[in-house]
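Each residue of the sequence shown is one higher than the last, beginning at 1316 in this note's numbering. Where is the CB? At the ideal position from N, CA and C, for every residue including glycine.
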Amino acid sequence: MVQEFTKSVTVSELLQVKRLHLELVCGKRYVHRQITTPSINRPGLALCGHLDYFRANAIQVFGRGEYGFCVKEKPSVLKANVAKMLGKGSVPCVIMAADLDPLPAIKKACLGADVPVLKTDMESAEFVAEFSRFLDEQLSPVTHLHGVLLNVSGIGVLIRGEAGIGKSECALELIKRGHILVADDVVEVQKRWGRFLMGSCPEMLKHYMEVRGLGILDVELLFGVGSTLDEMSIDLEVVLTPPAKNIDRLGVEQNTSAILGVEVPSLRLPVTPGRNLAALIEVAALNQRLKAQGIFSAKEFSRKMLDRMKRTAKNHANQA
């Protein structure tokens, strides 16, 4: 069973991220609040008291539009609406964009709800885009898999199989052929934007491989800096298996494997003496690229065979 890990970040840690240009306005006592979901909300109608479908656990970002509305609203009404908004769930913090200073009514409502107020000099659209990327990197679900991840001709190939079956040896041959190592033995997999899988290597294991009989190898020193990569999307899973009798000879069926709820194309390769697994994986990666472009060679071949069989059967029927 694959174990999934959920990360979190505190408001205090958020203030240390230089690319967001954040500074604390008020609520220093509450910067320990946890951010556990990569969600950002522009309050909009919530400032008018309409809380239907309000994202109550998301970070609230005030841009020029929200600020312009707040300036025109009565302070008492504004404070009541903001307090109602913050009481709906567990808002980690409120952020003012475009270097705007929060109105006193907003500050009072936030402090009353134990919610810190921050601000940034970035415009709201630019900030939300950058902040969304940061939260997705930090908070998306993560799991660790046993296997090897490589960039093979631009396709992220995750090689898996039981211990000792030859995953690292196969990866080493692929590196010798000019392909790029991302992670060996332990692959850290993160789901990005809810539907993409990105694989990387834990910091302690970066650039290293363990090959039975050779021990620990530093791939970067052996093959150069271009032989390793920090992260790569996972586009294809190749599972090395012991020899099996029942093998799909045509490859018409497209099997998948679920990783963090995302379906990844999966291919089983039997390991037998004399098979060049590295060459097979190279071709599998190129074939997967064709499939992504809508070209499925096995299905096309099968369709042509069936059409020919139908025509032959029809000719025989007509002759009879």
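Problem - Neighbourhood of Ile1421 by C-beta, 6 Å cutoff - its chain only, sequence neighbours within 5 removed - result: Here residue 1421 refers to the residue found at position 106 of the sequence shown. Val1397.
Handout entry: Tyr1523, enclosing beta strand (DSSP E) - first and last residue
Key = Here residue 1523 refers to the residue found at position 208 when the sequence shown is read from its first residue. Segment Tyr1523 to Val1526, the beta strand (DSSP E) holding Tyr1523.
Handout entry: Neighbour-count burial assignment, Val1467, 16 or more Cβ in a 10 Å radius
Key = Position 152 of the sequence shown, counted from the first residue, corresponds to residue 1467. Classification for Val1467: buried.
Problem - Every unbroken beta strand (DSSP E) within the stretch 1465-1491, with a cutoff of 3 residues, ordered by chain - result: 1470-1476
Handout entry: Nearest residue (CA-CA) to Thr1601, options Cys1485, Gly1469 and Lys1614
Key = Translated into the one-based positions of the sequence shown, residue 1601 becomes position 286. The amino acid occupying residue 1601 in the given sequence is Leu; Thr does not appear at that position. When each option's Cα is compared against that of Leu1601, the closest is Gly1469.
Handout entry: Segment limits, alpha helix (DSSP H) that includes Leu1393
Key = By one-based count along the sequence shown, residue 1393 stands at place 78. Taken as a continuous stretch (DSSP letters only), the alpha helix (DSSP H) holding Leu1393 covers Pro1390 to Leu1401.
Problem - Inter-residue spacing [alpha-carbon to alpha-carbon] between Leu1362 and Ala1373 - result: Locating residue 1362 in the sequence shown gives position 47, counting from the first residue. Locating residue 1373 in the sequence shown gives position 58, counting from the first residue. Taking the straight line joining both Cα atoms gives about 15 Å.
Handout entry: Cβ-Cβ distance between Gly1493 and Met1547 below 8 Å
Key = Counting from 1 along the sequence shown, the entry for residue 1493 is found at position 178. Counting from 1 along the sequence shown, the entry for residue 1547 is found at position 232. Cβ distance not < 8 Å, so Gly1493 and Met1547 don't count as in contact.
Exercise for the section: Would you kindly report the start and end of the unbroken beta strand (DSSP E) that includes Leu1418? Expected result: Here residue 1418 refers to the residue found at position 103 of the sequence shown. Unbroken run through Leu1418: none, as it is neither H nor E.
Exercise for the section: Would you mind stating whether Thr1587 and Glu1578 have Cβ atoms separated by less than 8 Å? Expected result: Translated into the one-based positions of the sequence shown, residue 1587 becomes position 272. Translated into the one-based positions of the sequence shown, residue 1578 becomes position 263. Result no, Cβ atoms of Thr1587 and Glu1578 do not sit closer than 8 Å.
Practice task
List the whole-angstrom C-beta distance separating Val1502 from Leu1473, where the pair is believed to meet the contact cut-off of C-beta under 8 Å.
Solution key: Counted from its first residue, the sequence shown places residue 1502 at position 187. Counted from its first residue, the sequence shown places residue 1473 at position 158. At roughly 7 Å, the Cβ-Cβ gap stays under 8 Å, so Val1502 and Leu1473 are in contact.
Handout entry: For His1631, three-class secondary structure by DSSP
Key = For this step, residue 1631 is matched to residue 316 along the sequence shown. Taken through DSSP and simplified to helix, strand or coil, His1631 comes out as helix.
Handout entry: Alpha-carbon to alpha-carbon, Pro1456 and Ala1413
Key = Position 98 of the sequence shown, counting from 1, holds the residue named residue 1413. Position 141 of the sequence shown, counting from 1, holds the residue named residue 1456. The alpha-carbon atoms of Ala1413 and Pro1456 are separated by roughly 31 Å.
Exercise for the section: List the endpoints of the continuous alpha helix (DSSP H) containing Phe1538. Expected result: Sequence index remark: in the sequence shown, residue 1538 carries index 223 (1-based). Segment Val1534 to Phe1538, the alpha helix (DSSP H) holding Phe1538.
Handout entry: 6 Å CB neighbourhood of Leu1418 in its chain, flanking five on each side removed
Key = For this step, residue 1418 is matched to residue 103 along the sequence shown. Answer for Leu1418: Cys1385, listed in chain order.
Handout entry: Residue span of the alpha helix (DSSP H) that contains Phe1511, given as start and end
Key = Walking along the sequence shown from the start, residue 1511 turns up at place 196. Run containing Phe1511: none in the alpha helix (DSSP H); it sits in the beta strand (DSSP E), Phe1511 to Ser1515.
Handout entry: First through last residue of the alpha helix (DSSP H) which encompasses Gln1453
Key = Working through the sequence shown from its first residue, we reach residue 1453 at position 138. Where Gln1453 is concerned, the enclosing alpha helix (DSSP H) stretches over Ser1439 to Leu1454.
Exercise for the section: With distances taken Cα to Cα, identify the nearest neighbour of Glu1518 among Lys1482, Leu1529, Asp1499 and Val1526. Expected result: Taking the first residue of the sequence shown as position 1, residue 1518 is located at position 203. Of Lys1482, Leu1529, Asp1499 and Val1526, the residue nearest in Cα terms is Asp1499.
Handout entry: Terminal residues of the beta strand (DSSP E) in which Ile1410 lies
Key = If you number the sequence shown from 1, residue 1410 lands on position 95. Its beta strand (DSSP E) spans residues Val1409 to Met1411.
Handout entry: Lys1506, DSSP secondary structure in three states
Key = Counting from 1 along the sequence shown, the entry for residue 1506 is found at position 191. It is a strand residue.
Practice task
Keeping to the same chain, check which residues put their C-beta closer than 8 Å to that of Ala1607; ignore five residues upstream and five downstream.
Solution key: One-based indexing of the sequence shown puts residue 1607 at position 292. Counting only Cβ-Cβ distances below 8 Å, and skipping sequence neighbours, we find Asp1550.
Exercise for the section: Please confirm whether Ala1428 and Gly1402 have their CB atoms less than 8 Å apart. Expected result: Looking up residue 1428 in the sequence shown gives position 113. Looking up residue 1402 in the sequence shown gives position 87. In contact: Ala1428 and Gly1402 (Cβ atoms closer than 8 Å).
Handout entry: Check whether Thr1556 and Arg1583 have beta carbons under 8 Å apart
Key = Here the question's residue 1556 lines up with position 241 in the sequence shown. Here the question's residue 1583 lines up with position 268 in the sequence shown. Closer than 8 Å, so yes.
Exercise for the section: Give the C-beta separation of Gly1364 and Val1430 to the nearest angstrom, bearing in mind that I take them to be a contact with Cβ-Cβ under 8 Å. Expected result: Here the question's residue 1364 lines up with position 49 in the sequence shown. Here the question's residue 1430 lines up with position 115 in the sequence shown. About 18 Å; that fails the 8 Å criterion.
Handout entry: Span of the beta strand (DSSP E) around Cys1341
Key = If you number the sequence shown from 1, residue 1341 lands on position 26. Start and end: Leu1337 to Cys1341.
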